[in-house]
Structure formats: C-alpha cells, structure tokens
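Visitor:
In full-length UniProt numbering, the protein residues as written are 1 to 452.
Pasting the structure below:
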C-alpha cells in the first residue's frame, strides 16, 4: 500500500468514526431507553422536540427498537437503572439538596395553586351551556381549566357557588360562619393585631392617595373636550386613568392653560409626616404576648432535627448574602442630592430615573451612607473668548489627562485584580505592600483594572 492509499484509508476510517459518533449522539438525543417493571422488558421512548408536547400527551412506548438501535448502536443501560445506580452512589449532602429542591418546588406549586384559586372563578355560560374560567386580575376568560388546577378536587366544590342557582340554607350558614371567623379573636392580643393591621392599611391607602393626588392632575382638553391625566414627575399625559387609583378618581381641574411653568416643572413632593406618627392612641402588642411568641419560637428551634437546622442555616445564609448583594447594587444605583428649594436631601436612582425623599428600606439602619452628589459650580464665571486663555485651559486639561494616564499605568504595575473562586468575587492585591482589599482603589474612580 502506497502512502497516498494509506492516507486515504485513514481518512475514511476517521470519517466513519466521526459519522458513527454523530449518529449515536443524535439517537441519544432523540430516543430514551426505559425498563418496564411489570412486563420486565426494555422499551424506547421518542423524545419530543418541543417541551410543550410532553404536557399535552404521554409519549408512545416503542417495544421494537428503531432499526439503527436494533443492529448497530446501543444506548447503554435504561434510564431507571442509571437512576438507581446514581441514587445508590449518592452522598447524603447531595440527597439533602435534591429533597430540599423537591420540597421547594412542591411549596412553590402549592403557593401558585392558592393564588390561582383566589383569582380564577368558575362561571356558567348559559349561551354555550358549559363552564368557563375567568381571571379576576387579568380580566381574561378561557374554556380550559388552568394547568395547575387540573387535578384539584376542591376546585369544583369551591367554584360551584358561581353557578346561577339558589344555594341551600345549610350552605349559606356555612358561608356565614366562614365570613365571621369567630375563632380568630380568641384573646385581646389577636383582636389588637387585627385592628392595627386594619388601621395601618387605612392610613397607608390614605397616604398613597394623597401622594398620587399631588403627582397626578386630571385636566380638560379644550380641543377634544375629554379629560386626561398629567403626571408631574414623568412629564407625560395619558387619556386613561392610572391603574394605581383603582376605584378612586381625581377631581377635574381646568387650569391647564393658566398653570405656571414653575408648577409644571416641580417633580418632587415635599416630605409630609406619616399619619402613623400623629396617632398617639394606637394599640400596641403587649409584652406578655411578645414573650409568649418568643418562647414558642425557641421551642420550635429546639425540636428541630440536624437536617432541619442545617436547612434553616443555609436559608438564613443565602438570605443574608442576597441582602448584602442587593445593598451593594442599591449603593451603586442611588445618589444623595440636596434640594435647596425644600432644604432636604432626596435620593435619586440613576438607572430608573426615580427620585424620592425616603431612603430605600434595605439601606435604613446601615452604618454606610449613600454617597452625596454635589452640584459642581463653574470654575470660570465668564465665557472664554481670548485665545491665550483658551490655550491655557486646553494645556491644563492635557496635563491632567497625561497625569491620569500615568497614574493608571503605575496602578496597573502595582495593583493586581484577582478572582476568588471561594466567594466568586474579585479582590485587589497590592504587590508592593502585600495587602489585599475587596474595594477598588479610590484613585481608579470609574476606571477599573482587567482581571489577571
């Protein structure tokens, strides 16, 4: 065999190997090998291309394998055998993570079912002679039952009250008892908590409507004769009432032509004292109820198993990490600016463009404060017209730029940006002093180093 023939032979063998590997990969992506415990036989299942097809209908079992899997290729052990082998060799920590993930998924589905039960109503259509499902939040209706409520046995019994017929007296009595909920107020503390919740809701709604009435104005368009809503903060107008008002509406103000420009330009609302501060006689939770609740919490913590305690600690640690990361994002997004008109500081979000007087909730009580942005005044009060003065200013800018570039070059030689695989964050290492820090050097400002 000549060298050319040997090269052609090797190329053909390599192409054949690549084709067989690709064919086996395509077969493994298209078919799954399973084992039926009842019939003790191996069967194949064709994997659908779209994930939605799995929910609509069950896959068909192929007892006879496809031609390529019958003679030349094999998918290995069935899925059930591989799953059992994986479970047998699984570490306790991995098993705990899988159980926690399954439990969280179960809790999430139950929570979504509760939301759907509260939003979706089963109504009767007399024209079509069948039931349909109406979403009270999105105002959408559908003939098909929601996917999460397909196997809900209580859904039919709960929604039968939407059918237009006269309910029985026993059903009315049960409903009346469910509305009254006499067992809720077993002591004075429970009644006090309910009264506090109702009062806080009323005060919050009243304060929100007051702030909205200051921000929005309902005006009359002289051309069309229709009313429109003007947003003084965003500076936009709309023909539709904002959804945050709900059933509440503003009074019509016909001063769109006489309104002063200064009033239109005002985008901030002066801070007002909260109605909760002005109410001195709000009932408080007694110290006895607080101590009793603390004892019950300690008792639940003492009765925890080691796995439950580990899961709780992991959840607390993840929550703390998430709050710290969110605080860092808020510190980067917000600026603290002084308003000379009202003599108060307000907080401005550079990313969303929203300004408000209150400090973000996650940043309240922290030792670190939001950086204050000062209004930089002009260095020169007059306009530069002389060529010599303009040349001097340009030379000053050029020298500052050269000095800044030289400073960045020296910092690149001295400071090294390193990635920490344990915390999944970057830190800065000083080669000269041997110190490391999580914070970027102040002299870099908006400039950052490239990771090494």
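All residues carry an ideal CB built from backbone N, CA and C; glycine is no exception.
Look at the Cβ atom of residue 336, then the Cβ atom of residue 345, and state whether they are nearer than 8 Å.
Guide: Position 336 of the chain shown, counting from 1, holds the residue named residue 336. Position 345 of the chain shown, counting from 1, holds the residue named residue 345. Cβ distance < 8 Å, so residue 336 and residue 345 count as in contact.
Visitor: By the three-class DSSP mapping on this structure, what secondary structure does residue 248 have?
Guide: Your numbering for residue 248 matches position 248 in the chain shown. Three-state DSSP puts residue 248 in coil, outside helix and strand.
Visitor: Please classify residue 122: does DSSP put it in a helix, a strand, or coil?
Guide: Your numbering for residue 122 matches position 122 in the chain shown. Reduced to three states, the DSSP call for residue 122 is strand.
Visitor: Provide the residue span of the beta strand (DSSP E) that contains residue 388, from first to last.
Guide: Indexing the chain shown from 1 puts residue 388 at position 388. Where residue 388 is concerned, there is no enclosing beta strand (DSSP E), although the alpha helix (DSSP H) it sits in stretches over 387-414.
Visitor: With DSSP collapsed to three states, give me the class of residue 284.
Guide: Within the chain shown, numbered from 1, the residue matching residue 284 stands at position 284. Caution applies to residue 284, whose pLDDT of 49 falls short of 50 and renders its modelled position unreliable; the model cannot decide the point.
Visitor: For the beta strand (DSSP E) that contains residue 337, what are its first and last residues?
Guide: The residue given as residue 337 occupies position 337 in the chain shown. Where residue 337 is concerned, the enclosing beta strand (DSSP E) stretches over 334-339.
Visitor: Check whether the segment 404-417 touches the segment 428-444, taking contact to mean three or more Cβ pairs, one atom from each stretch, closer than 8 Å.
Guide: Judged by Cβ distances under 8 Å, the segment 404-417 makes contact with the segment 428-444, as three or more pairs qualify.
Visitor: If you run the structure through DSSP and keep just helix, strand and coil, what is residue 213?
Guide: For this step, residue 213 is matched to residue 213 along the chain shown. Helix at residue 213.
Visitor: Identify, in the order they occur along the chain, each residue of the same chain with its Cβ nearer than 6 Å to the Cβ of residue 63, setting aside the five sequence neighbours on each side.
Guide: Taking the chain shown and counting its residues from 1, the one referred to as residue 63 is at position 63. Cβ within range, chain order: 43.
Visitor: In the DSSP assignment, the beta strand (DSSP E) including residue 45 goes from what residue to what residue?
Guide: In the chain shown, the residue the question calls residue 45 occupies position 45. Here the beta strand (DSSP E) through residue 45 covers 41-46.
Visitor: I need the straight-line Cα distance from residue 453 to residue 219, nearest angstrom please.
Guide: Only positions 1 to 452 of the chain appear in the structure, and residue 453 is not among them; the question remains open.
Visitor: Within 10 Å of its beta-carbon, does residue 33 have 16 or more other beta-carbons around it, so buried, or fewer, so exposed?
Guide: In the chain shown, counting from the first residue as 1, residue 33 sits at position 33. Buried.
Visitor: Taking buried to mean at least 16 other C-beta atoms within 10 Å of its own C-beta, is residue 149 buried or exposed?
Guide: One-based indexing of the chain shown puts residue 149 at position 149. It counts as buried.
Visitor: Could you say which of 140, 138, 123 lies nearest to residue 132 if we only look at CA atoms?
Guide: Along the chain shown, one-based indexing puts residue 132 at 132. Of the candidates 140, 138, 123, the one whose C-alpha sits nearest the C-alpha of residue 132 is 123.
Visitor: The beta strand (DSSP E) spanning residue 15 covers which residue range?
Guide: Working through the chain shown from its first residue, we reach residue 15 at position 15. Careful: residue 15 lies outside any beta strand (DSSP E), inside the alpha helix (DSSP H) at 3-30.
Visitor: Which of helix, strand or coil does DSSP assign to residue 155?
Guide: Position 155 of the chain shown, counting from 1, holds the residue named residue 155. The predicted model places residue 155 with a pLDDT of 49, which falls under 50 and marks its position as unreliable; any figure quoted below should be read in that light. Reduced to three states, the DSSP call for residue 155 is helix.
Visitor: By the three-class DSSP mapping on this structure, what secondary structure does residue 433 have?
Guide: Taking the chain shown and counting its residues from 1, one reaches residue 433 at position 433. In the structure shown, residue 433 sits in coil (DSSP, three-state: anything other than H, G, I, E or B).
Visitor: Smallest Cα separation from residue 243: which of 364, 137, 292?
Guide: Start at 1 with the first residue of the chain shown, and residue 243 comes out as number 243. When only C-alpha atoms are compared, the closest one is 137.
Visitor: Would you decide whether residue 365 is buried or exposed? Buried here means 16 or more other CB atoms lie within 10 Å of its CB.
Guide: Residue 365 sits at position 365 when you count from the first residue of the chain shown. It is exposed - the Cβ of residue 365 has fewer than 16 other Cβ atoms within 10 Å.
Visitor: Buried or exposed: where does residue 437 fall if 16 or more other Cβ atoms within 10 Å of its Cβ makes it buried?
Guide: The count along the chain shown starts at 1 and reaches residue 437 at position 437. Per the 10 Å Cβ criterion, exposed.
Visitor: Using 8 Å for Cβ pairs, my map puts residue 417 next to residue 394. What's the rounded Cβ distance?
Guide: In the chain shown, residue 417 corresponds to position 417, counting from 1. In the chain shown, residue 394 corresponds to position 394, counting from 1. Incorrect: roughly 34 Å between the Cβ atoms, too far for contact.
Visitor: For residue 312, which option in 110, 9, 100 has the closest C-alpha, if you only look at C-alpha atoms?
Guide: The residue labelled residue 312 in the question sits at position 312 within the chain shown. Looking at the Cα atoms, 100 is the closest of the given residues.
Visitor: Less than 8 Å between the C-beta atoms of residue 230 and residue 248, yes or no?
Guide: Along the chain shown, read from residue 1 onward, the residue named residue 230 stands at position 230. Along the chain shown, read from residue 1 onward, the residue named residue 248 stands at position 248. Their beta carbons are not under 8 Å apart, which means residue 230 does not touch residue 248 by this criterion.
Visitor: Taking the alpha-carbon positions, what's the residue 522 to residue 61 distance?
Guide: The structure shown has nothing for residue 522, since the chain only spans 1 to 452.
Visitor: Who are residue 34's beta bridge partners in DSSP?
Guide: Stepping through the chain shown from its first residue, residue 34 is reached at position 34. Paired residue(s): 43.
Visitor: For residue 343, collect the residues of the same chain with a Cβ closer than 8 Å to its Cβ; drop the 5 residues on either side in sequence, then sort them by chain order.
Guide: One-based indexing of the chain shown puts residue 343 at position 343. Result list for residue 343: empty, nothing under 8 Å.
Visitor: Please determine, among 78, 18, 114, the residue with the shortest C-alpha to C-alpha distance to residue 45.
Guide: In the chain shown, counting from the first residue as 1, residue 45 sits at position 45. Answer by Cα proximity: 78.
Visitor: Can you tell me which of the three DSSP states residue 189 falls into?
Guide: Walking along the chain shown from the start, residue 189 turns up at place 189. The answer is helix: DSSP assigns residue 189 an H, G or I state.
Visitor: Report the three-state DSSP secondary structure of residue 295 (helix, strand or coil).
Guide: Residue numbering aside, residue 295 sits at position 295 when the chain shown is read from its first letter. Helix, per DSSP.
Visitor: Does residue 443 come out as helix, strand or coil in the three-state DSSP assignment?
Guide: Along the chain shown, read from residue 1 onward, the residue named residue 443 stands at position 443. Residue state, collapsed to three classes: helix.
Visitor: For residue 360 versus residue 330, is the C-beta spacing smaller than 8 Å?
Guide: Here the question's residue 360 lines up with position 360 in the chain shown. Here the question's residue 330 lines up with position 330 in the chain shown. Closer than 8 Å, so yes.
Visitor: When the Cα atoms are used, what is the spatial distance from residue 39 to residue 93?
Guide: One-based indexing of the chain shown puts residue 39 at position 39. One-based indexing of the chain shown puts residue 93 at position 93. C-alpha separation (whole angstroms): 35 Å.
Visitor: Given residue 65, which residues of its chain have a CB within under 7 Å of its CB, disregarding the five upstream and five downstream residues?
Guide: Within the chain shown, residue 65 is the residue found at index 65, counting from 1. Once the five neighbours on either side are set aside, the close Cβ partners of residue 65 are 44.
Visitor: So is residue 428 buried or exposed if we call it buried at 16+ other beta carbons inside 10 Å?
Guide: For the purposes of this step, residue 428 is identified with residue 428 of the chain shown, where counting begins at 1. Classification for residue 428: buried.
Visitor: Please name the residue or residues paired with residue 227 in a DSSP beta bridge.
Guide: Here the question's residue 227 lines up with position 227 in the chain shown. According to DSSP, residue 227 bridges with 220.
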